[in-house]
Amino acid sequence: MDSAGLRSASKQASDDAQKRKAPDNQDIGDASPKRRKTKSSSSLTRAKPKKTVKSSVVADGDNTPESAGATLSTRTLALPAGTPPLSSNFRGALCDAVSYYKSHQGGIYSTGLVANGMLLNGKTTQRDVLQSQVIITTVGGGLAEDENGKRIRKQNQDVCTNYTVLNNAMLNKHPVAIVIGKKSVGKGQYANDLVDVQLPNHYNVVDFFYVTEIWTELQPTQRDGTRFAHYVVRLQKADLDSVSWWVPRGNERIDTYAVGQFHCRPVTCQSCNQPSKEIFEQGWCCLKNTCSEFFRFSGPNIDIDKLRYHQNFLNEREALSGGALPKFIPELPVISPGEYGSETAFKAGIVCPTCKWPSRRIFWWGWICEGGCGFKRPMLPLDVPLSKIRTEAANLMEKKARIVYVHSLIHRAQHTVNGYEVISFYLPNNPQNRHEAEFIGSVTVLRPTQYTIKRKGGMDDLFLDLQQAVRVGDVELRRNPAFCRGSHMEELTSHFSCNMGADYKFGVVVETSRSFTNAPAPVLEALSRLTWGASTGVKLTGDHVSEKRLSIDSESMPNKFTDFNEQLILGYFEGSHIGYHDDGEKELGPTVATLSLGSPSVMHFRAKSKAGFGDAVNKNRVMLSFHLEHGDMVVMHGTKIHKTYEHSVIAGGVRRYALTCRYIRPETIPDAARREKALVNGAVPPEWQGRAYKGEATEPQKY
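Laid out in structure tokens, this is it:
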């Protein structure tokens, strides 16, 4: 969700600053830096409820509680003083392209417990500030829903990760990149109503800032009449001499001050003996939340909801430097000697050098500017040699078992087939239906022998042929939207994909698809092998069930196999994965088979959260895990597997392909034209029907 964990900016901005400009080196209303005991208290957690004002603010994951008097700005937005160094309408594109902000959902991005970037988006509090050189905002986090579904604070905020990473950034003088969001709540209205200018895109990089202060204060009164202590952070622009593009055109010099021009002196509290700056116009108070005098002002009748930050505090500038600032725009990637172009770094996005638009790597062959300027950066991955694949497998499997974990409820059986080592896992029914049938499906792994892998026309040749087909464009791999398709929160799949045969459009929509008639040879070869592997797996399963008299759900696990009519080709870069999912669409047949080529990976099966296994499974609910190596086939048989379980695959090397076949039931496709297309596209060419793979002959005794 947008900006979960941090908000933006404030109304106490440039107009007041113009009225209250002070002479150089002057402190306005300076408090004497001696200890003092305060009297009046304003630290109650419940204030008199205020009359609420209707607001169309939508939280949408925003973690700023809505104050009692929240209302939207309807002012006309001015033109900005400049343009952002880069901006995008896709959050994922920005996160993919830069190193300083990679938080696809949260508000703060950190590494090593140090903040690198933060997003200002959504609602603001009454005290938030967004000026040319200073930002003040809440740290965020720790909210809960009230009875109306609104996010509010229900207790004083404890030290949290957001506080920790921002505090560490302050202690280390580490620059924090600020991003401003364009979250809209109506025509000409931003939820972040402190933005006074027209933002070019939804996510706009502001500049680098340093954290100068973090403190605790009582929040403005919430809608339910309560208020609690929360953390607030002040940030100062790193380069005080540059023009701030986010201020209205013509106001470039407003709120710009030099180091030493203002000073906000700290005062030591008599109760806790700790210093706190006089940050409010209404007077000094202790800002240490562990102090008995926390947030108690000496003046009478202080209205917490009308507190305003002192001009000395707003205008103070510190000499801060943590060294050279990071580059806003990273260098374009280049394949270096020893690299193949599918290492982790090459899946990252780029910033278009022409229009400064962050762009994701959507295509296997490289990048194209998502801003529409036409810039392209082709970088086709190089073919990975078999020696690299074998080295990766050896390194991964060193001192490791192929089978990682099998839950005690799972029954397993080993089989003998020429050219393959076969093991089947029978997955149990959920506890509520165990009395009807003990098992609802099987997962069969067929591991080829070295002869099957290395012989002419074996798995090695198939891998090399597939790499060539991808390289020349016969298999057009691309990343497709995984969720929030078309919105500014759109996220792409981690893997690249291409569909062959009947269209498979029941989960992630795969843009590229062609019929088996036009499919390249390695795709049809894989289809042939998977057809044999699946039919073999189903037969072995049925024979074992009969022999051992296992209790199975025959409706879920029919003792027959229907030939596949669809193949989904997935391409994995280093570090790619496919998250937990199932293949349980009603349009699919009971059998799904996949062939793994190239780098090794790990496949997990876990019980769904509502499957009812309870304490019978671990917290992560994983019930079966095993390694997949080059040439391995996996056959899932049983429609109800997908109602009870979900599976994921994590790639462990520089290049992996997964070719998965299914049977799409044409009779379930309501559209007649699409149904006919599925029948035509899913038909195997006659010449391939005559050369179908029928398993391995008996191996030579020595290889």
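For the sequence shown, this note's numbering gives the first residue as 9, with consecutive numbering after it.
Even glycine gets a Cβ: it sits at the ideal position worked out from N, Cα and C.
Predicted model only: the values in this text are computed from it and were never measured.
Are there any heavy atoms of the ligand ADP lying less than 7 Å away from the beta-carbon of residue i, as far as the coordinates show?
i: Asp-469; result: For the structure depicted, the ligand ADP is absent and the ligand set is empty, with no information on it obtainable.
What do you get for residue i, buried or exposed, if any count of 16 or more other CB atoms within 10 angstroms of its CB means buried?
i: Phe-491; result: exposed
i: Leu-243; result: buried
i: Val-657; result: buried
i: Ser-329; result: exposed
i: Ala-686; result: buried
i: Asp-591; result: buried
i: Ser-140; result: buried
i: Glu-654; result: buried
i: Thr-264; result: buried
i: Asp-511; result: buried
i: Lys-62; result: The predicted position of Lys-62 is uncertain, since its pLDDT is 29 and thus under 50; no value can be drawn from it.
i: Val-342; result: exposed
i: Lys-594; result: exposed
i: Asn-297; result: buried
i: Pro-228; result: buried
i: Gly-402; result: For the sequence presented, residue 402 should be read as Ala rather than Gly. With fewer than 16 other Cβ atoms within 10 Å, it is exposed.
i: Gln-697; result: exposed
i: Lys-245; result: buried
i: Pro-694; result: exposed
i: Ala-542; result: buried
i: Leu-340; result: exposed
Could you name the residues of the same chain whose beta carbon sits closer than 8 Å to that of residue i, not counting the 5 residues immediately before and after it, in chain order?
i: Ile-461; result: Met-467, Asp-468, His-638, Gly-639
i: Tyr-3; result: No statement about residue 3 is possible, as the shown extent of the chain runs from 9 to 711 and does not include it.
i: His-585; result: Ser-502, His-503, Ser-656, Val-657, Ile-658, Ala-659
i: Trp-372; result: Leu-388, Pro-389, Val-478, Glu-484, Leu-485, Arg-486, Phe-504, Gly-579
For residue i, collect the residues of the same chain with a Cβ closer than 6 Å to its Cβ; drop the 5 residues on either side in sequence, then sort them by chain order.
i: Ser-633; result: Val-412, Tyr-413, His-612
i: Gln-440; result: Gly-620
i: Leu-712; result: Any property of residue 712 remains undetermined from this structure, which presents the chain solely from 9 to 711.
i: Gly-622; result: none
i: Ser-523; result: Asn-689
i: Val-430; result: His-423, Leu-454
i: Lys-162; result: Ala-152
i: Ala-700; result: Ser-536
Return the residue from the list the options that minimises the CA-CA distance to residue i.
i: Asn-417; options: Tyr-434, Phe-236, Tyr-428; result: One point to set straight first is that residue 417 is Leu, not Asn, in the sequence displayed. Of the listed residues, the one whose Cα sits closest to Leu-417 is Tyr-434.
i: Gly-587; options: Ala-691, Thr-501, Leu-102, Ala-534; result: Thr-501
i: His-415; options: Pro-674, Tyr-108, Arg-629; result: Arg-629
i: Val-187; options: Val-453, Ser-96, Glu-675, Asp-679; result: Ser-96
i: Glu-326; options: Glu-221, Gly-550, Ile-144; result: Glu-221
i: Asp-104; options: Ala-177, Gly-157, Ile-358, Leu-474; result: Ile-358
i: Trp-365; options: Phe-371, Ala-356, Cys-377, Cys-280; result: Cys-377
i: Pro-88; options: Val-205, Glu-684, Val-483, Ile-262; result: Val-205
i: Leu-452; options: His-635, Arg-304, Leu-578, Leu-295; result: Here residue 452 is Thr; the residue named in the question, Leu, does not match the sequence. Checked all of His-635, Arg-304, Leu-578, Leu-295; the closest Cα to Thr-452 is His-635.
i: Thr-602; options: Thr-539, Asn-567, Lys-616; result: Thr-539
i: Ser-505; options: Ile-560, Leu-576, Asn-526; result: Leu-576
i: Phe-288; options: Ala-246, Trp-223, Asp-247, Gln-282; result: Trp-223
i: Pro-489; options: His-503, Gly-148, Val-480; result: His-503
i: Arg-420; options: Asn-124, Val-553, Trp-253, Glu-695; result: Val-553
i: His-443; options: Leu-558, Ala-680, Phe-302; result: Leu-558
i: Leu-248; options: Cys-277, Phe-216, Thr-229; result: Phe-216
i: Leu-667; options: Glu-582, Pro-694, His-650, Asn-507; result: Asn-507
i: Thr-652; options: Ser-450, Gly-545, Gly-550, Ala-177; result: Ser-450
i: Thr-647; options: Met-631, Trp-696, Ser-562; result: Ser-562
i: His-650; options: Pro-183, Leu-470, Pro-436, Pro-283; result: Pro-436
i: Pro-530; options: Gly-465, Gly-291, Pro-308; result: Gly-465
i: Cys-363; options: Gly-346, Gly-382, Leu-121; result: Gly-382
i: Glu-684; options: Leu-548, His-589, Asn-626, Gly-509; result: Gly-509
i: Ser-300; options: Gly-307, Pro-308, Gln-278, Asn-309; result: Gln-278
Is the shortest distance between the beta-carbon of residue i and the beta-carbons of chain B less than 8 Å?
i: Ala-601; result: The structure shown contains no chain B; it is built from a single protein chain.
On the premise that residue j lies in contact with residue i, defined as a C-beta separation below 8 Å, what is that separation, rounded to the nearest angstrom?
i: Leu-202; j: Asp-136; result: 6 Å
i: Ala-101; j: Arg-368; result: 5 Å
i: Glu-499; j: His-112; result: 7 Å
i: Thr-599; j: Val-643; result: 7 Å
i: Met-565; j: Arg-99; result: Incorrect: roughly 43 Å between the Cβ atoms, too far for contact.
i: Glu-582; j: Ser-344; result: 14 Å between Cβ atoms; not a contact.
i: Leu-578; j: Tyr-671; result: In fact, because the Cβ distance is near 18 Å, the residues do not count as touching under 8 Å.
Can you list, in chain order, the residues of its chain whose CB lies under 7 Å from that of residue i, leaving out five sequence neighbours each side?
i: Val-213; result: Pro-92, Pro-93, Leu-94, Ser-95, Ala-185, Val-187, Phe-336
i: Val-267; result: Arg-325, Glu-326, Ala-327
i: Tyr-171; result: Val-147, Ile-222, Tyr-239
i: Lys-702; result: Trp-540
i: Val-219; result: Leu-174, Ala-177, Met-178, Val-184, Val-241, Leu-243
Quick check: the region 602–609 against the region 649–668, are there 3 or more CB pairs under 8 Å? Three or more Cβ pairs drawn from the region 602–609 and the region 649–668 lie within less than 8 Å of each other, which places the two stretches in contact.
Using 8 Å as the Cβ pair cut-off and three pairs as the minimum, do the region 312–331 and the region 250–258 touch? The region 312–331 is not in contact with the region 250–258.
Any 3 or more C-beta pairs closer than 8 Å across the region 562–576 and the region 471–485: Short answer: they don't touch.
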